[in-house]
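Enquirer: Would you mind keeping the following structure in view while I ask a few things?
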Amino acid sequence: MSDPHPGFPKNIGLALGSGAARGWAHLGVIRALAEAGIQIKYIAGTSIGSLVGAALALGQTDVLEDFARQLDWKQIVSFLDVSFPRSGLIDGRKITNFFRGQIRNVNIEEMPLAYRAVATDLSTGQEVVLSEGDLIDAVRASISIPGIFTPVKKDGGFLVDGGLVNPVPVSVVRNMGAQFVIAVDVNAGSLRGTRTRKNAEADGRPGNADDRSRALKWKFTRELANRFGDLSSPALSQVRRWMSKDPAPSIFEVLTTSISIMESRITAVRLATDPPELLLQPKLGHIHALEFHRAQEAIAEGHREAVERLAGIYPGVGG
1276 MSDPHPGFPK NIGLALGSGA ARGWAHLGVI RALAEAGIQI KYIAGTSIGS LVGAALALGQ
1336 TDVLEDFARQ LDWKQIVSFL DVSFPRSGLI DGRKITNFFR GQIRNVNIEE MPLAYRAVAT
1396 DLSTGQEVVL SEGDLIDAVR ASISIPGIFT PVKKDGGFLV DGGLVNPVPV SVVRNMGAQF
1456 VIAVDVNAGS LRGTRTRKNA EADGRPGNAD DRSRALKWKF TRELANRFGD LSSPALSQVR
1516 RWMSKDPAPS IFEVLTTSIS IMESRITAVR LATDPPELLL QPKLGHIHAL EFHRAQEAIA
1576 EGHREAVERL AGIYPGVGG
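Each residue of the sequence shown is one higher than the last, beginning at 1276 in the numbering used here.
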């Protein structure tokens, strides 16, 4: 880590936003901040941001980054424990068990850095800021995308993805005591980034990258459909047939894209009413929410955005 830049403020908080696979960019941002000697005192995360934030608060971002860079589609599918037709397509126990094996199992109040995970109460629609109790349970609640992951039961209610109410938790970090908030919005421009071979050719750009990305998405869908097909229910066999058809989007793409649309709108309003002191918006529109295997690209873009923005505000940072 470099020596802190003399002009950079103290008492800094970091708000890491939701965005599924695009959230790997948070790791690049964190690396750039460390290189600049910027010390984070408060951390709050929503959805994928809660996972990366937990790793940062525990000093384990290198472990998480190594894992993310090695992910491929087969590994992603292996984490999926199908529970259809319950309250979510994926039960999430495999992911929870994996987190417990990778991230130190502690209570939030025992962590070295102040940390909060943001979730949503399914019955009231209220924001829930998780500030104590089991860390992995909090992360599991924060990442529970409605319709995909089953909700997490807590205190008689059920919690789902915090992105429904506070996709980039600037307010949470500020309430923790931060006087200077750095916010990372990984969904900025994501809707404009959805491209097809047809519109790629129309504007003169080659469609090869889009074709490869689409092929990987359908490979994921087919492998998941096979998991549905292994079950005996006739309804699940029907789901398998639906999911195997191209070019219609899979149920996962419909759910994640719909939530991305909603979160983008909410984020715009919340950032306008409670702007952070520094807003980082990596250009990640080319990465789909489910493309967790593209961590290397997302991390590099997060690092690039942070380095450029910091250098523009504080010349010589990290130099």
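Here a beta-carbon is modelled for each residue, glycine too, at the ideal position from N, C-alpha and C.
1. Classify ILE1574: buried if its beta carbon has 16 or more other beta carbons within 10 angstroms, exposed otherwise.
2. When you compare only the Cα positions, how much space is there between LEU1555 and ALA1290?
3. DSSP puts LEU1291 in a beta bridge; with which residues?
4. Check ASN1483 in the structure and name its three-state DSSP category.
5. Does the Cβ of MET1537 have 16 or more other Cβ atoms within 10 Å, making it buried, or fewer, making it exposed?
6. How long is the line joining the alpha carbons of SER1293 and ASN1462, rounded to whole angstroms?
7. Let me know the alpha helix (DSSP H) ranges lying completely inside the segment 1367 to 1397, each 4 residues or longer, listed in chain order.
8. Please report the distance separating the alpha-carbon of MET1276 from that of SER1398.
9. Suppose the cutoff is 6 angstroms on Cβ atoms and the five residues either side in sequence are ignored; what does the same chain contact list for VAL1435 look like?
10. Scan the segment 1529 to 1561 and note each continuous beta strand (DSSP E) run of 3 residues or more that stays entirely inside, going in chain order.
11. Verify whether the separation of the beta carbon atoms of GLY1331 and PHE1567 is less than 8 angstroms.
12. Residues bridged to VAL1404 by DSSP?
13. For VAL1447, tell me which candidate among MET1386, LYS1428, LEU1546, ILE1526 has the shortest Cα-Cα distance.
14. What residue range is occupied by the uninterrupted alpha helix (DSSP H) comprising ASP1341?
15. Can you tell me whether DSSP reads ASP1412 as helix, strand or coil?
16. Give me the residue from ILE1423, ALA1570, GLY1400 with the minimum Cα distance to GLY1437.
17. When DSSP builds the beta bridges, which residues end up paired with ASP1595?
18. Return helix, strand or coil for PHE1424, following the three-state DSSP convention.
19. Which residues mark the beginning and the end of the alpha helix (DSSP H) in which ALA1307 is found?
20. Is the beta carbon of VAL1456 less than 8 angstroms from the beta carbon of VAL1445?
21. Among THR1548, ALA1581, VAL1414, which one has its Cα closest to the Cα of ALA1319?
22. Check ILE1595 in the structure and name its three-state DSSP category.
23. What does the alpha-carbon distance come out to for the pair LEU1410 and LEU1585?
24. Using C-beta distances below 6 angstroms, list every residue in its chain close to ILE1305, excluding the 5 sequence neighbours before and after it, in chain order.
25. Might you give, ordered along the chain, the residues of its own chain that have their beta carbon closer than 7 angstroms to the beta carbon of ILE1323, omitting 5 neighbours on each side?
26. For HIS1578, report the span of its alpha helix (DSSP H) as first-last.
27. Taking the straight line between their C-alpha atoms, what separation do you get for MET1518 and TRP1348?
28. Hey, would you say GLY1560 sits closer than 8 angstroms to GLY1464, going by beta carbons?
Expert: If we stick to the structure as given:
1. buried
2. 10 angstroms
3. GLY1320, VAL1459
4. Confidence at ASN1483 is low in this model, with a pLDDT of 49, below 50, so its placement is unreliable and the value that follows should be read with caution. Shown here, ASN1483 sits in a helix according to DSSP, grouped into three states.
5. With a 10 Å radius around the Cβ and a threshold of 16 neighbouring Cβ atoms, MET1537 comes out exposed.
6. 8 angstroms
7. Secondary structure within the segment 1367 to 1397: the alpha helix (DSSP H) runs of 4 or more consecutive residues, fully enclosed, are 1368 to 1377 (chain order).
8. With a pLDDT of only 47 at MET1276, under 50, the local geometry of the prediction cannot be trusted, and the value read off the model is given with reservation. Going by the C-alpha atoms only, they are around 44 angstroms apart.
9. These residues qualify, in order along the chain: THR1395, LEU1397, SER1419, PRO1421, PRO1426.
10. DSSP runs (the beta strand (DSSP E)) wholly in the segment 1529 to 1561: 1553 to 1555.
11. Correcting the residue identity first, residue 1331 is Leu in this sequence and not Gly. Contact: no.
12. VAL1393
13. LEU1546
14. 1336 to 1345
15. helix
16. GLY1400
17. The structure shown has nothing for residue 1595, since the chain only spans 1276 to 1594.
18. strand
19. 1300 to 1310
20. yes
21. Closest option to ALA1319, Cα to Cα, is VAL1414.
22. The structure shown does not extend to residue 1595, since the chain is modelled only from 1276 to 1594, so the question has no answer here.
23. Between LEU1410 and LEU1585, the C-alpha separation is close to 31 angstroms.
24. LEU1331, THR1336
25. SER1293, GLY1294, ALA1295, GLY1298, ILE1418
26. 1570 to 1588
27. Confidence at MET1518 is low in this model, with a pLDDT of 47, below 50, so the placement of that residue should be treated as unreliable; the coordinate-derived value is given next. Roughly 16 angstroms between the two C-alpha positions.
28. yes
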